Amino acid sequence: MEIPVIDFCNLESEKRSETMALLHEACEKWGFFMIENHGIDKELMERVKHLTNQHYQENMKDSFYGTKAVKTLENNGFISNKDWESSFFVRHHPNSNINELSSLSKDLRETMDAYIDQLIKLAEKLSELMCENLGIEKNRIIEAFSGSNGASVGTKVAIYPQCPHPELIRGLREHTDAGGIILLLQDDQVPGLEFFKDGKWVKIPPSKNSRIFINTGDQVEILSNGVYKSALHRVMAMKDGNRLSIATFYNPAGDAIISPVSKLLLPNHFRFEDYLNLYTKTKFEDKGLRFETMKNMAMGNSHQRVLITKN
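Residue 144 in the UniProt record's numbering sits at position 144 of the sequence shown, with consecutive numbering throughout.
Given below as structure tokens:
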């Protein structure tokens, strides 16, 4: 099964219509794809990866191998409620916390900031292309995500260390992503990422030639009235090598009001913060149940407001 690859160079050529059609199909039928010739500085990408791997070796590796998950695995006990990953999260926008992460070197912090500045522009470009394909206003996703202070942007930096018994644990359990557009800078050597499509798990190869892997989250599915999909995915633990994952989330602000673009087909008029609270409790469960819960909550809140008005 060949994963769609969107060549951004073709958007400025006679192949634009063909490329836009490929992007639409990738969002509609896959929920994930790769992009190349995206304009992100390749040397900057490689430096982010190098410095992150260095940070893991110097600051995270020893503590990870002392965790309860590792000790349980050494006793050959199956672990169904934990993930085989070592990670940290960086907030970028609207308020950055990167300078508060004192264990990160100045070089890594500055390199990450420069990379994210370019990546946000790419996320906004992708959102505009999606809107064009959906036949809605170019800035609809950007505006929907903005809330009072603009979109929320953060990065989960994860290492999936080599695992002595990968059959006993997931690197990261099956889930869909809560937010909007996810831009993944991943390992170019070690595999492990898998997405679910047409009843099968699709193995995502390591990213070669500076490709960036993209997937869409639950909020894009809701905003598009279900036309675009958020895909179930997981990370398999691997016996050979550490897998690097730098996933940047271009998400709605916490106070952004999310609603389908046209008539109500999925939950609408809820705060992303409320959805995220539900998501943290049900991340590894069917997203359809979350959508139904949010619809019921919205209906209950609306009914309550009517009762208050009448009294």
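Ideal Cβ placement from N, Cα and C applies to all residues, glycine included. Model, not experiment: these values are computed from the prediction.
Contact check, residue i vs residue j under 8 Å by CB: the rounded distance?
i, j, result
"residue 312", "Gly-199", "This structure leaves residue 312 out entirely; the chain is present only between 1 and 311."
"Ile-258", "Val-220", "Not really, about 10 Å apart at Cβ, beyond 8 Å."
"Trp-30", "Ala-231", "7 Å"
"Asn-139", "Leu-23", "No, Asn-139 and Leu-23 are not in contact; Cβ-Cβ is about 18 Å, not under 8 Å."
"residue 373", "Leu-244", "This structure leaves residue 373 out entirely; the chain is present only between 1 and 311."
"Val-157", "Ser-87", "6 Å"
"Val-202", "Met-1", "5 Å"
"Val-48", "Ile-246", "6 Å"
"Ile-141", "Leu-73", "No, Ile-141 and Leu-73 are not in contact; Cβ-Cβ is about 41 Å, not under 8 Å."
Identify whether residue i lies in helix, strand or coil by the three-state DSSP scheme.
i, result
"Glu-137", "coil"
"Ile-142", "helix"
"Leu-101", "coil"
"Ser-13", "coil"
"Lys-281", "helix"
"Lys-263", "Model confidence at Lys-263 stands at a pLDDT of 35, short of 50, so the residue's coordinates are unreliable and nothing is read from them."
"Glu-194", "strand"
"Lys-239", "coil"
"Glu-167", "helix"
"Ala-298", "helix"
"Glu-2", "coil"
"Ala-231", "coil"
"Gly-180", "coil"
"Gln-118", "helix"
"His-269", "coil"
"Ala-256", "coil"
"Ser-245", "strand"
"Glu-128", "helix"
"Ala-151", "coil"
"residue 312", "This structure does not reach residue 312, given that the chain is present from 1 up to 311, and the question cannot be answered."
Using beta-carbon positions only, say whether residue i and residue j come within less than 7 Å of one another.
i, j, result
"Lys-164", "Asn-242", "Reading off the sequence shown, one finds Pro at residue 164, where the question assumed Lys. Result no, Cβ atoms of Pro-164 and Asn-242 do not sit closer than 7 Å."
"Met-34", "Phe-213", "yes"
"Gly-147", "Ala-298", "no"
"Ala-26", "Pro-4", "yes"
"Leu-108", "Leu-51", "yes"
"Phe-249", "Gly-179", "yes"
"Asp-218", "Lys-287", "yes"
"Met-112", "Pro-166", "no"
"Tyr-228", "Glu-28", "yes"
"Val-261", "Ile-136", "yes"
"Phe-32", "Asn-215", "yes"
"Asn-175", "Phe-272", "The sequence as given places His at residue 175; Asn does not occur at that position. It is not a contact, given that the beta carbons lie outside the stated cut-off."
"Ile-79", "Ile-169", "yes"
"Ala-114", "Leu-11", "no"
Any 3 or more C-beta pairs closer than 8 Å across the stretch 184-197 and the stretch 285-294: no
Only counting runs of 4 or more residues, tell me where the alpha helix (DSSP H) segments fall wholly within the stretch 203-229, in order along the chain. 218-223
Taking 8 Å as the threshold, find out whether the stretch 37-48 comes into contact with the stretch 119-131 through three or more Cβ pairs. yes
Contact between the stretch 91-105 and the stretch 128-145: three or more CB pairs below 8 Å? no
Take every Cβ of the stretch 98-117, pair it with every Cβ of the stretch 52-70, and state whether three or more of those distances are shorter than 8 Å. yes
Restricting to runs no shorter than 3 residues, where is the beta strand (DSSP E) found entirely within the stretch 36-116? 86-93
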